[in-house]
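Numbering (the working numbering), first residue to last: 5 to 100.
Don't be surprised by glycine CBs; every beta carbon is placed ideally from N, CA and C.
If you're wondering where the values come from, they're calculated on a predicted model, not measured in any experiment.
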Amino acid sequence: MHGESIGDLVALVRGMREAAPRVETGGPVLDTTGTGGDGFKTINISTLAALVAAAAGVQVAKQNRPAISSYCGSTDFLAELGIAYDLPPDAAAACL
């Protein structure tokens, strides 16, 4: 790193947002994302929280990744339950 400026970071974020696929939600959506790496090998709390919120009627968009530092990442958890997790934007929007 070379001592990035605020302008560098703003440009990076703008570029990422422009390149990111859009999902039309039609309303507020909760996003649960775990950062992992807690060192305690806990259960996958963010995915469990997403499922509980969805069961309560909340629209949830869950980001997912396989396990790196824990026993079970979001991708692993969803795959075990048979829940599709690698959806294109239009299919993801239909799930909401």
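- Around the C-beta of residue 78, 16 or more other C-beta atoms lie within 10 Å, and the residue is accordingly described as buried.
- DSSP places residue 39 in no beta strand (DSSP E); its state is neither H nor E.
- Contact between residue 50 and residue 37 holds: their C-beta atoms lie close to 6 angstroms from each other, under 8 angstroms.
- DSSP links residue 65 through a beta bridge to 35.
- Here residue 27 is near residue 97, since their CB atoms are less than 7 angstroms apart.
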